[in-house]
Structures are given as C-alpha cells and as structure tokens.
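Per our numbering, the very first residue in the sequence shown carries number 940; after that it's consecutive.
Beta carbons are placed, not taken as given, at the ideal position from N, Cα and C, and that holds for glycine.
The structure appears right after this line, and notes come after that.
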Amino acid sequence: MSASRFIKCVTVGDGAVGKTCMLISYTSNTFPTDYVPTVFDNFSANVVVDGNTVNLGLWDTAGQEDYNRLRPLSYRGADVFLLAFSLISKASYENVSKKWIPELKHYAPGVPIILVGTKLDLRDDKQFFVDHPGAVPITTAQGEELRKQIGAPYYIECSSKTQLVLPSAQSFAKHAQYYVEVLITGFTFSPHPNFRT
C-alpha cells in the first residue's frame, strides 16, 4: 500500500442547508439533532482507493452573510468543492448560481464542484410542507438543470438523516482523487467511470 494522499474538500452553501449534518453523517454515521451554526470546522476520513490511502480533509464553512469576508480564507488549497443547497428551499437553490458560483469563481477558479441537494428525506414529506407552507420542493430535474447551468460534473441528492443516496467514503474519495489527478495532469474533465451515487 502506498503513502497517504491528502485531498482538501470544502463544503459551501447557504446557512442551514445541512452541510454540517452531511459531514457528520458521512464521517461518523450519526445524525446530529441540534442545529448550531458553523463558523468553521474540519472533519477527516481515511479511505483506501485502488490500494492507496486517501485522507479526505473535509472543511465545513459558514453560509451566513456575516462570514462573507472570512469564509474565502478556507478556500486556499481546495481540491474540490461540495456546493450544497436544500431540496426544500428554493432560496438556497437560487443562491447556487446567484451567490456561490460567483464567489467560487472569484476566489478559487478552476477548482471542480460537486453539486449536492440535501434533506432528500423531507422533499416527499407531505406533513413537512403542511407545517412549512412557504417551503418549495426542488425536483431532481431542477437539480440536474442547475448542474448543467453551473458546469458541475456531478449532482448528488442525499439525506444525512437516513443516509439515502449519500455516497460511500470510498466512492467519494475515488471521485475526488480523480479530479485532483486531472488538475495535476491538465486533462479535461469527464465523468469518472467508478463513481456511483
């Protein structure tokens, strides 16, 4: 087995879309029940991909406007971004192209982006929409359209609560490693054949 390789993955997106829950669910197989807004936090996951140890450095960022000047400091050295929006929030969906893509293009041009729709478990929850009449579900087709619009190679929908469709650590690491290799060699992007959601 060869030496460990480090991949820095930074999550971005509006506040309260589920970025922290996604990372906690991904790294510890637990779902946090209390919401505490993140300023900055780091998680780590070691996985073996094709006989190589990959250390995923998962950086959690604050989506609130109060941190607009501080947040980009975490972008330096990023290998890949997870750009998250909530599948039950039209505002967070619209902010992907209005706020987040311009910010990432300005501070981290050329770094690949994986678009992630969170809170999949609530999209089909009729009671949730009765209790939250202003909430608007975002369809898979809308997510795919947004993926094409922003030029992201992949769109993933997930529920951190149920871990539905959340890719395994190994498949994500393989995908992230592929993008790092593409960046280093200068080849153009194409979907990685071994990445499955």
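{"Query": "I'd like the list of long-range same chain contacts for Leu1105, defined as Cβ closer than 6 Å, with 5 residues on each side in sequence excluded.", "Result": "With a pLDDT of only 46 at Leu1105, under 50, the local geometry of the prediction cannot be trusted, and the value read off the model is given with reservation. Taken in chain order, the residues that qualify are Cys1097."}
{"Query": "With distances taken between CB atoms, is the gap from Gly954 to Ala1023 smaller than 8 Å?", "Result": "no"}
{"Query": "Is it buried or exposed for Ala1001, if we count other Cβ within 10 angstroms and need 16 for buried?", "Result": "buried"}
{"Query": "How would you label Val993, buried or exposed, when you count the other beta carbons within 10 angstroms and need 16 or more for buried?", "Result": "buried"}
{"Query": "Determine the contact status of Ser983 and Gly996, defining contact as a CB-CB distance below 8 Å.", "Result": "yes"}
{"Query": "Give a yes or no on whether the C-beta atoms belonging to Lys1029 and Val1075 are separated by under 8 Å.", "Result": "yes"}
{"Query": "Quick one: residues in its chain with C-beta nearer than 7 Å to the C-beta of Thr1079, no 5 flanking neighbours on either side, listed in chain order?", "Result": "Glu1096"}
{"Query": "Buried or exposed: where does Pro1072 fall if 16 or more other Cβ atoms within 10 Å of its Cβ makes it buried?", "Result": "exposed"}
{"Query": "What three-state label does DSSP hand Arg944 in the structure shown?", "Result": "strand"}
{"Query": "State the beta-bridge partners of Thr1079 as determined by DSSP.", "Result": "Answer by DSSP bridge pairing: none, since Thr1079 is not bridged."}
{"Query": "Taking all protein chains shown into account, decide if Thr950 is buried (16 or more other Cβ within 10 angstroms of its Cβ) or exposed.", "Result": "buried"}
{"Query": "Determine the extent of the beta strand (DSSP E) in which Asn994 is found, giving its start and end residues.", "Result": "Asn991 to Thr1000"}
{"Query": "Counting only runs of 4+ residues fully inside the region 1025-1059, write out the alpha helix (DSSP H) ranges in chain order.", "Result": "1029-1034 and 1040-1046"}
{"Query": "With burial defined as no fewer than 16 other Cβ atoms inside 10 Å of the residue's Cβ, what is the status of Asp1070: buried or exposed?", "Result": "exposed"}
{"Query": "Tell me Ser1139's beta-bridge partners as DSSP assigns them.", "Result": "There is simply no residue 1139 to check, as the chain begins at 940 and stops at 1136 in what is shown."}
{"Query": "Would a C-beta distance cut-off of 8 Å place Arg1086 and Leu1054 closer than the cut-off?", "Result": "yes"}
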